[in-house]
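Residue numbers (this note's numbering): 123 to 342.
Quick reminder that beta carbons are idealized off the backbone N, C-alpha and C, glycines included.
Given the structure is predicted, the values throughout are model-derived calculations rather than measurements.
To start, the structure itself, in structure tokens.
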Ligand SMILES: *Cc1c(COP(=O)(O)O)cnc(C)c1O
């Protein structure tokens with residue numbers, strides 16, 4: 123891992139009260155142990171089985187975040203321990219997480235993934251679907267999930283202006299949801315946006331949780 127880079131980024135993020143998810147997908151357990159020894163406790167993975175396998179062999183005080191597209195049939199593998207799921211992109215997935223959380227006597231924190239990028243390949247709800255979800259889903263029927271914020275990914279482009287506009291869009295939606303649908307919900311406060319290539323722009327636009335992989339662990 124890039125120890126010096128990691129420590130300096132961590133300090134910079136701490137000063138701004140931005141949470142750091144160290145994205146360890148495809149990286150060996152040894153790389154995670156190295157970061158753990160430096161004090162990193164939040165790790166993100168994008169495949170359920172890889173996440174489960176790493177959970178089993180690594181220290182139990184790690185907070186595991188699921189950041190990638192999650193198939194409903196894989197929820198059961200991570201439901202016993204996952205700390206935060208960033209990638210809720212369908213109502214059926216939300217319901218499945220609720221069901222598996224209940225089976226484990228847990229309430230699982232989740233973020234709703236919003237599609238803000240130009241690319242069709244990125245998952246998530248668009249603006250209309252987001253408000254439909256919040257209006258039409260009776261969240262009281264899903265007592266084992268707790269929606270604590272939004273997540274989004276910007277278009278993969280060198281055009282930082284476009285990236286900035288996409289993050290701004292998500293930030294506005296976040297404020298809108300917070301002041302309308304979740305007016306009385308104090309723990310709706312996570313805005314997960316920003317990766318290695320665009321996290322500085324994301325923070326300028328209000329991100330308070332960044333997901334950094336290659337800048338910490340090297341190219342995949
Ligand atoms: C891989 C991944 C990241 C980290 O990407 P880097 O460019 O390596 O920082 C962040 N978020 C999601 C959803 C990812 O899949």
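(1) Between residue 230 and residue 252, what straight-line distance do the alpha-carbon atoms span, to the nearest angstrom?
(2) Which residue wins for smallest C-alpha separation from residue 331, given the options 134, 283, 280?
(3) Who pairs with residue 231 in a beta bridge, going by DSSP?
(4) Just the Cα atoms here: how many angstroms apart are residue 341 and residue 202?
(5) Check whether the Cβ of residue 182 lies closer than 8 angstroms to any heavy atom of ligand 1, and answer yes or no.
(6) Does the distance from the C-beta atom of residue 324 to that of residue 289 stay below 9 angstroms?
(7) Rounded to whole angstroms, what is the Cα-Cα separation between residue 168 and residue 180?
(8) In three-state DSSP terms, what is residue 130?
(9) To the nearest angstrom, how far is it from the Cα of residue 139 to the Cα of residue 315?
(10) Between the alpha carbons of residue 214 and residue 259, how many angstroms are there, rounded?
(11) If you reduce the DSSP assignment to three classes, tell me which class residue 280 lands in.
(12) With H, G and I counted as helix, E and B as strand and the rest as coil, what does DSSP make of residue 179?
(13) Ligand 1 heavy atoms versus the CB of residue 145: any closer than 8 angstroms?
(14) In the DSSP assignment, find the beta strand (DSSP E) that holds residue 185 and state where it starts and stops.
(15) Can you give me the C-alpha to C-alpha distance between residue 305 and residue 270, rounded to a whole angstrom?
(16) Is DSSP giving residue 314 helix, strand or coil here?
Considering the structure as presented:
(1) Working through the chain shown from its first residue, we reach residue 230 at position 108. Working through the chain shown from its first residue, we reach residue 252 at position 130. When rounded, the distance between both Cα atoms is 19 angstroms.
(2) As a working mapping, residue 331 is identified with position 209 in the chain shown. The shortest Cα separation from residue 331 among 134, 283, 280 belongs to 134.
(3) Here residue 231 refers to the residue found at position 109 of the chain shown. Beta-bridge pairing links residue 231 to 206, 268.
(4) Taking the first residue of the chain shown as position 1, residue 341 is located at position 219. Taking the first residue of the chain shown as position 1, residue 202 is located at position 80. Using only the alpha carbons, I get a separation of about 30 angstroms.
(5) Position 60 of the chain shown, counting from 1, holds the residue named residue 182. Because no heavy atom of ligand 1 lies under 8 angstroms away, the Cβ of residue 182 does not count as near it: no.
(6) Taking the chain shown and counting its residues from 1, the one referred to as residue 324 is at position 202. Taking the chain shown and counting its residues from 1, the one referred to as residue 289 is at position 167. The answer is yes: Cβ separation under 9 angstroms.
(7) If you number the chain shown from 1, residue 168 lands on position 46. If you number the chain shown from 1, residue 180 lands on position 58. Their backbone Cα atoms lie some 17 angstroms apart in a straight line.
(8) Reading the chain shown from its first residue, position 8 is the one you call residue 130. Helix at residue 130.
(9) The residue labelled residue 139 in the question sits at position 17 within the chain shown. The residue labelled residue 315 in the question sits at position 193 within the chain shown. Computed Cα separation, rounded: 14 angstroms.
(10) As a first step, residue 214 must be located in the chain shown, where it is residue number 92. As a first step, residue 259 must be located in the chain shown, where it is residue number 137. When rounded, the distance between both Cα atoms is 11 angstroms.
(11) Translated into the one-based positions of the chain shown, residue 280 becomes position 158. The answer is coil: DSSP assigns residue 280 none of H, G, I, E or B.
(12) Taking the first residue of the chain shown as 1, we reach residue 179 at position 57. In this structure, residue 179 counts as helix in the three-state DSSP scheme.
(13) In the chain shown, the residue the question calls residue 145 occupies position 23. Yes, ligand 1 has a heavy atom inside 8 angstroms of this Cβ.
(14) Within the chain shown, residue 185 is the residue found at index 63, counting from 1. Run containing residue 185: 185–188, per the beta strand (DSSP E) assignment.
(15) Here the question's residue 305 lines up with position 183 in the chain shown. Here the question's residue 270 lines up with position 148 in the chain shown. The alpha-carbon atoms of residue 305 and residue 270 are separated by roughly 12 angstroms.
(16) Counting from 1 along the chain shown, the entry for residue 314 is found at position 192. Here residue 314 sits in strand by DSSP.
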